[in-house]
Structures are given as C-alpha cells and as structure tokens.
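Position one of the sequence shown corresponds to residue 164 (my numbering), numbered consecutively onward.
Ideal placement from N, C-alpha and C gives every residue a C-beta, glycine not left out.
Contents: one structure, followed by commentary.
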Amino acid sequence: MPEPDTSSSRVATVLAQAVSALGGQQRDGQVQMATEVAEAMEDGRHLLVQAGTGTGKSLGYLVPAMLHDKRVVVATATLALQHQLVERDLPRLVEAVKDVPGLDTSYAVLKGRSNYACLHRIRAGVPDDQGTLVDVPMGSMAEKVLELRAWAEEESEQKGSGERDNAPRHTDREWRQVSVSHRECLGAAKCPFGAECFAELAREKAQRSHLIVTNHSLLAIDAIEEVPMIPDYDTVVIDEAHELTARVTQAATDELAAADIERAARRSSRWTADADGDPAGDLEDAAQQLAEAFEATPPGRIDQVSQQLSDALVLVRDAARACLSAYPRESGGGGGEGDAGRTQARGMVQEVFVNAERMAAGSQADVLWLGEARDRFPARLHVAPLQVWGPMRDKLLTDKTVVFTSATLMLGGEFGAVATSLGLKPTERIGHQVATTDADDALPWKGIDVGSPFDYGQQSILYVARHLPQPGRDGLGQAQLDEICELVDSLDGRTLGLFSSRRAAETAAEAVRARLPHLTTLAQGDAQLPELAKQFVEDPHTCLFGTLSLWQGLDVPGDTCQLVIIDRIPFPRPDDPLMSARQKAADQAGGNGFMQVAATHAALLMAQGAGRLIRTTTDRGIVAVLDPRLETARYGRFLKASLPPMWSTTDPALVRQALSRLGQAKSA
C-alpha cells in the first residue's frame, strides 16, 4: 500500500532529492529534523532542535520552509551564516528542486537600512556639524570614501544589492559616510533617488518572496520593538538560536553621551533659528549638565539614580522635546538637499529624546549603567532590558510559530535553561510529566536532539588540568603558562587558544613565542581575523590565541586544529552591569541566580568553544581546560554535561602522549 502524501513524507522525499542532487549523503538526524520542522510549521507549535555540527541543519529547515504554504523568515546571528545561506545553500537547493511541482523557491535577503549604501548621501553629500551638506570627504578617509561611492554607483548601474558585505574593505567610520540610519532616511516618497534605493528594492523583493533571510537584530526590531521591518510572515526559523537573547538585548540597548547631544544641538541650530528663544542652545546647555552629572557618578551599574543625574536626564529630555517642536514644517516638493540635512539633524535629536526619556523613566524593567571614559571615548550612559524572555513570549512566540535550532541548546543535558531564556516554560513542553499546555495562555513546545554524525568518544578527549591552581584575578600564572607551552610543544603547533581576556591571550602568546620560537604564534589583534584564520589554516605549525570572536566564529576543520585550550571557565565578569543585575533579580525571585545566569552563560560559551575542535568525521583532537573547577566544583557537572560527549581525563601524562602521537601521525 503506498505511503500517504503527508507533509512529513513530502518533506522526506524532497530532502532526499535535494541531498542526491547536491552529491551528499542522507543523514538520519537531518531527516528527523526536517520532518519535525515540517510538523511544527503545520501544527503551529514551537520547536527546539539541537543539531550537532555536520548534521546539515540548513537543509533540515530550508526544505520544509520552502514546502510550507505561507511565508517563512530565517534569522541568523552571524553574517557568515547569512552569507552561506544566500550565496551557497539556497542557490544550490533551488537548482536541486527546480523540477518539484508547486514549489515556491523565491527568496530574498533583508537587513537593516544602515547595511545598504545610500545613494542620496553619496550624490548629495554628508551634512557637517551645522547641517550643511558637503560633498568632499574629510582627511585621510577621502580616498576610501570615494572608492565606496564609485562601488555604489556601479552597484546601482548593474542592479546590485548595494549591501555592505559586498563593498570594498572599509572601516565603520568610512561606511557611515555612504549610509544612513532609519532615522536619517528621507523615506522613499521624499527622496529623489527613492526609485533606485537599495534598501527599498530589498524590501520590495522581500514582499515578493516566499523565504526571507534576515538577522536576529532586525527580527527583534520588527517583532519585539514593533517597528515594521519585515513583510508579514507565518513562521520564523531562528538559526544560531543560542545567541538570540544576547542579540535581542543588544537591539534593545540604548546609550547617551554628552558629545552626541552637543552634536545634535549644533546640527539643529540652523533649523530652529527662527523659533522663540534658543532651543538648540538650551539642548547644548542640557548636554553640559549631563556631562557634569557623569563626572559625579562612579562608573558601573546604577541601582539608585542620584538626584543630579535624574535632573540632568529630565533636562535633556525636555530640551530635546522642545527642540523637536521648534523644527519648522517640511516644505513641499521633491525633497532636496535642505530636506536631507533637516531630516538627519532632526533624527539625531529624536534619538536623544527617546533615549533620555527611557533613562529618565527609571523603569524596574531596565538596567542603567555608566561606562568609563577612556582615551578619546567619552563616558556613555547605557540602558538595557533586565530580561528579554517576557517581550519575546508576548510579542513573538504568541503571534508566530518559531523553530529554534543550534548545535548548543541543551545545557546540563536539558533544554530547560535555554527554553526559559527564550520565553518558553519548561512545564509547557509536550510530554512533560506536569505539562500545563491546556491553559489558555500556554505555548506548547517540543525539544529534540537529532544528534551528530561525529563519534566524540572516539574522536576527542576532554582534558581537565585538575592539578593546576584555581585561576586568579591577575590573569595567567606561571603554572598555566607552563601547561600551555608543554601542551603546544607536544603537538608541535595546531593549537587554538580560547582565552577569557585579550590580556590573557597576549600573555600566553608571548610565553609560547619565547619558549617555542620554531612555531608561528598568532594573537588576536595582530591582523584582521580572516587573515589570521587563513594563516592558521595554511601552516600546521601555527598557534592562534584569541578571545570571544574565536570562541564562536571560527571554522577550521582538518589537521589545522587538533588542540583547543580554554584558559578558564568563561563566567561573566563580576562587574558586568547587566549580567550582575540579572543574577540579582533571579535570586530575588527565589531562583539560583548563579546557575540561571552565570553558569548558563559559561556553559553556552564552553560548548561553543569546544565545538571548534571536531568539524568533520575524520577530525581528531583534545580540548584542554586549564580550570580545575570544571572537575572539582559542584557546578562542574552541569558545565561538562553541556559539552559534546568526549572521553574525559585529568591525567596530564596521558594527554601529552596522545598529543605527541597526533603530531607524529601528521608529520609522517
């Protein structure tokens, strides 16, 4: 009897066709994932899928997304994955399934406005501090800005995307000379180049597409901040979901500096000169009051706002409101240069007003802290949400079907910690022994682990240097440096060092260079990360030491990386204002703030760091953790259960022998 044409069976059939056309091998985990994703989309049920490296999770959600009868959004955390989806996975998939009847394979990429070149800014010029549009870039940036302008014009002629990722190499400051934020944008109706606008063309293409690829930040602005950025959709697949709460927090974080307010005031003076009084001057005076309040406020988290700081924030808020009111009504017409200067200047004041109003409100749902002034960077006041699971639950999970996927969703061997941080309740999990999924406001969800094609027990060793002293506040001690050099020497290179601070990475690099001069030792900051990664891959006798961006963003399969060193458990810094506030709030709510915040943060990072080692079925190697607390502390069991299931040891002699054998095997 033939199998019924269910959604699941069709997904399996199309997936098999795609894998065959792409010359790949069918993986049980990938088939299970695709089937579960299709069922979740059809039933309108949330799903968490842990899919280990090598599972092929992109196809595992792209195939059911294409087969779904409504628009699907795919949101990624990193530009690298977004680029992989759009430049490699989707074009190959579309070609592989082109003969499947009734399949809508249209897709588009959508990013924030500042990620696209702005033709008006390029052709009309950049406003100076008085709001006058100037056409000549300043100083040493001139040559690069002219190159970016020429590239944008060529993109326009050739119907290109105008995306920053495709532009010639540049700095953030240089890119700002050819782009605008959403507050600075004139809008398609008023801009003389609206018909050619890269950002508007991207939105129009998204409106016509079945699948939209975007990023976590834009998704957060659209769904949680409720600023319409993405065409209406039914389901969202969130890849790299372990990073979502951090990205949502980042998108909802605002800051204020006296220099920003002064610049907004100077830019406004031209447009408010005919108003009663001197609204731009009043705003500049308020900036000075805020600067004085900053000087009287110690850097760090602000639990109790001083009267001086409170008064200064209210003064800035009111002055910004008055300045906005003083702007004259826009003149009619096509929106020439004057309108651009006005829009961009007013946008700056609007941002000052919104941020000052939020900070002055003193909401218990926000965390406020003052950053320390350093070198040329002035002190800045920051405000961020105390938690994001509530808004995510109310504004995303209640309205849409969401599929979360990552190689790291099970912490301590369970989905509970990550699910809670995303806005789902452990008691709502389908199959939970005390499930409350029948409640009116319940959000049923399912969690599955589709495994990994890697045999971690055979391919890798977890070594915990239990004999070392606990890490201190002063960075790496002599015992840790000796251990690092001996491990590296045993393997003769091929080492990725993941450190808790830039200073620790540089100290370790200096020690290895001094003791093992025959090896090439690179430290983050010696060059741009792509250049460092290239050199690391090309020379097996190389070590690369760095911090957070290496923990999560480096993919080096093969013999290049056979030893990953983690200097210490990556707990948040005790003086981290947001993390410490969240930990305190969890304690006050009757929970365990350390486990819910600090240990969960550390577990995610450690799992990501350990994941740098095994990237293919033939990789072999060792993860060496130099922090004995992983073995001796009570929370160590939770952290180890969050790592891939490697064979574990605390024997340094055994590990050195294993490394020597690996090194000799590659030299033979």
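> What is the DSSP secondary structure of valine 719, reduced to helix, strand or coil?
Replying inline: Here residue 719 refers to the residue found at position 556 when the sequence shown is read from its first residue. Three-state DSSP puts valine 719 in coil, outside helix and strand.
>> Measuring only the C-alpha atoms, how far is alanine 404 from serine 569?
In response: What you label residue 404 is simply residue 241 of the sequence shown in a count that begins at 1. What you label residue 569 is simply residue 406 of the sequence shown in a count that begins at 1. Distance between the alpha carbons of alanine 404 and serine 569: 6 Å.
>> Tell me which residue opens and which closes the beta strand (DSSP E) that cysteine 706 is part of.
In response: Translated into the one-based positions of the sequence shown, residue 706 becomes position 543. Taken as a continuous stretch (DSSP letters only), the beta strand (DSSP E) holding cysteine 706 covers 705-709.
> Just the Cα atoms here: how many angstroms apart are arginine 339 and alanine 690?
Replying inline: As a first step, residue 339 must be located in the sequence shown, where it is residue number 176. As a first step, residue 690 must be located in the sequence shown, where it is residue number 527. Whole-angstrom Cα-Cα distance: 23 Å.
>> Considering only the alpha carbon of each residue, which of Thr710, Gly709, Ala696 and Pro735 lies closest to proline 720?
In response: Stepping through the sequence shown from its first residue, residue 720 is reached at position 557. For the residues Thr710, Gly709, Ala696 and Pro735, the minimum Cα distance to proline 720 belongs to Ala696.
> Which whole runs of the alpha helix (DSSP H) in the region 506-567 are 4 residues long or more, in chain order?
Replying inline: 552-555
> In chain order, what residues of the same chain lie with their CB nearer than 7 Å to the CB of glutamine 370, ignoring the 5 residues before and after it?
Replying inline: Here the question's residue 370 lines up with position 207 in the sequence shown. Closer than 7 Å at the Cβ level, and outside the excluded window around glutamine 370, lie Pro394.
>> Distance check for alanine 628 and glycine 799, CA to CA, integer angstroms please.
In response: For the purposes of this step, residue 799 is taken as residue 636 along the sequence shown, with counting starting at 1. For the purposes of this step, residue 628 is taken as residue 465 along the sequence shown, with counting starting at 1. Going by the C-alpha atoms only, they are around 13 Å apart.
> How is glycine 223 classed by DSSP in three states: helix, strand or coil?
Replying inline: As a working note, residue 223 is residue 60 in the sequence shown. In the structure shown, glycine 223 sits in a helix (DSSP, three-state: H, G or I).
> histidine 764 lies in the alpha helix (DSSP H); which residues open and close that run?
Replying inline: Locating residue 764 in the sequence shown gives position 601, where the first residue counts as 1. It spans 763-773 - the alpha helix (DSSP H) in which histidine 764 sits, taken as one unbroken run.
> According to the Cβ coordinates, are valine 376 and glutamate 337 closer than 8 Å?
Replying inline: Stepping through the sequence shown from its first residue, residue 376 is reached at position 213. Stepping through the sequence shown from its first residue, residue 337 is reached at position 174. No, they are not a contact pair.
> DSSP beta-bridge partners for serine 623?
Replying inline: Counting from one through the sequence shown, the residue named residue 623 turns up at place 460. DSSP output for serine 623 lists Gly784 as bridge partner(s).
> How many angstroms separate the CA atom of proline 807 from the CA atom of histidine 373?
Replying inline: Numbered from 1 along the sequence shown, position 644 holds the residue referred to as residue 807. Numbered from 1 along the sequence shown, position 210 holds the residue referred to as residue 373. Looking at the two C-alpha atoms, the distance is approximately 36 Å.
> Hey, isoleucine 777 and glutamine 621 are a contact pair by Cβ (cut 8 Å); roughly how many whole angstroms apart?
Replying inline: By 1-based counting over the sequence shown, the position of residue 777 is 614. By 1-based counting over the sequence shown, the position of residue 621 is 458. The pair is not a contact, with the Cβ atoms about 10 Å apart (cut-off 8 Å).
>> Between Lys274, Ile401, Asp335 and Ala415, which has its C-alpha nearest arginine 366's C-alpha?
In response: Position 203 of the sequence shown holds residue 366. The option with the nearest alpha carbon to arginine 366 is Lys274.
> Is it true that the CB of alanine 181 sits closer than 8 Å to the CB of valine 226?
Replying inline: Numbered from 1 along the sequence shown, position 63 holds the residue referred to as residue 226. Numbered from 1 along the sequence shown, position 18 holds the residue referred to as residue 181. Cβ distance < 8 Å, so valine 226 and alanine 181 count as in contact.
> Taking glutamate 669 as the reference, which of Gly709, Asp652 and Thr705 has the closest Cα?
Replying inline: The count along the sequence shown starts at 1 and reaches residue 669 at position 506. The option with the nearest alpha carbon to glutamate 669 is Gly709.
>> For glutamate 389, count the other beta carbons within 10 Å of its own beta carbon; 16 or more makes it buried, fewer makes it exposed. Which is it?
In response: In the sequence shown, residue 389 corresponds to position 226, counting from 1. By the 10 Å Cβ count, glutamate 389 comes out exposed.
> Which stretch, first to last residue, makes up the beta strand (DSSP E) that contains aspartate 445?
Replying inline: For the purposes of this step, residue 445 is taken as residue 282 along the sequence shown, with counting starting at 1. Looking at the DSSP string, aspartate 445 is not in any beta strand (DSSP E); the run it does join, the alpha helix (DSSP H), is 442-458.
>> Spatial neighbours of leucine 685 within its chain, please: C-beta separation below 6 Å, excluding the five flanking residues on both sides.
In response: The count along the sequence shown starts at 1 and reaches residue 685 at position 522. Result list for leucine 685: Leu695 and Leu707, in chain order.
> From what residue to what residue does the beta strand (DSSP E) around isoleucine 401 run?
Replying inline: The residue you call residue 401 lines up with position 238 of the sequence shown. That run of the beta strand (DSSP E) goes 398-401.
>> Whether or not the region 413-428 and the region 509-528 are in contact is what I'm after, with contact meaning three or more pairs of Cβ atoms, one per stretch, closer than 8 Å; do they touch?
In response: yes
>> Going by DSSP, what residue range makes up the beta strand (DSSP E) through histidine 333?
In response: For this step, residue 333 is matched to residue 170 along the sequence shown. Counting along the chain, histidine 333 falls outside any beta strand (DSSP E), and DSSP gives it neither H nor E.
>> Within 10 Å of its beta-carbon, does glycine 498 have 16 or more other beta-carbons around it, so buried, or fewer, so exposed?
In response: By one-based count along the sequence shown, residue 498 stands at place 335. Residue placement at glycine 498 is flagged as unreliable, the pLDDT there being 41, under the threshold of 50; the coordinate-derived value follows with that caveat. Glycine 498 comes out buried.
> When you compare only the Cα positions, how much space is there between glycine 635 and glutamate 317?
Replying inline: Residue numbering aside, residue 635 sits at position 472 when the sequence shown is read from its first letter. Residue numbering aside, residue 317 sits at position 154 when the sequence shown is read from its first letter. Cα-Cα distance, rounded: 55 Å.
> In chain order, what residues of the same chain lie with their CB nearer than 6 Å to the CB of lysine 563, ignoring the 5 residues before and after it?
Replying inline: As a working mapping, residue 563 is identified with position 400 in the sequence shown. Contacts found: Val399.
>> Quick check on the DSSP output: the alpha helix (DSSP H) that includes serine 319 runs from which residue to which?
In response: On the sequence shown, position 156 is the one that residue 319 refers to. Run containing serine 319: 305-320, per the alpha helix (DSSP H) assignment.
> On the three-state DSSP scale, how would you describe glutamate 493?
Replying inline: Taking the sequence shown and counting its residues from 1, the one referred to as residue 493 is at position 330. The answer is coil: DSSP assigns glutamate 493 none of H, G, I, E or B.
> What first and last residue would you give for the beta strand (DSSP E) that runs through glycine 660?
Replying inline: The residue you call residue 660 lines up with position 497 of the sequence shown. 658-661 is the extent of the beta strand (DSSP E) around glycine 660.
> Can you round the beta-carbon distance between arginine 657 and glutamine 759 to whole angstroms, since I take them to be within the 8 Å contact cut?
Replying inline: Walking along the sequence shown from the start, residue 657 turns up at place 494. Walking along the sequence shown from the start, residue 759 turns up at place 596. 37 Å between Cβ atoms; not a contact.
> From Ala671, Glu514, Leu713 and Ser473, pick the residue whose C-alpha is nearest to that of glutamine 452; which is it?
Replying inline: Counted from its first residue, the sequence shown places residue 452 at position 289. If we check each option's Cα against that of glutamine 452, Ser473 comes out closest.
>> Whole angstroms are fine: how far does the CA of leucine 364 sit from the CA of alanine 358?
In response: As a first step, residue 358 is located in the sequence shown; it is residue number 195 there, counting from the start. As a first step, residue 364 is located in the sequence shown; it is residue number 201 there, counting from the start. Their backbone Cα atoms lie some 8 Å apart in a straight line.
>> Residues in the same chain with beta-carbon distance under 7 Å from glutamine 189, minus the five sequence neighbours each way, listed in chain order, please.
In response: By one-based count along the sequence shown, residue 189 stands at place 26. Around glutamine 189: Ala179 and Val182.
>> On a Cα-Cα basis, can you pick out the residue from Ala674, Gly638 and Trp714 that is closest to cysteine 648?
In response: Position 485 of the sequence shown, counted from the start, is the residue given in the question as residue 648. Comparing Cα positions, the closest option is Ala674.
> Going by DSSP, what residues sit across from leucine 210 in a beta bridge?
Replying inline: Counted from its first residue, the sequence shown places residue 210 at position 47. Bridge partners of leucine 210: Val566 and Lys609.
> Can arginine 430 and methionine 511 be called in contact, C-beta distance under 8 Å?
Replying inline: Numbered from 1 along the sequence shown, position 267 holds the residue referred to as residue 430. Numbered from 1 along the sequence shown, position 348 holds the residue referred to as residue 511. Yes, they are a contact pair.
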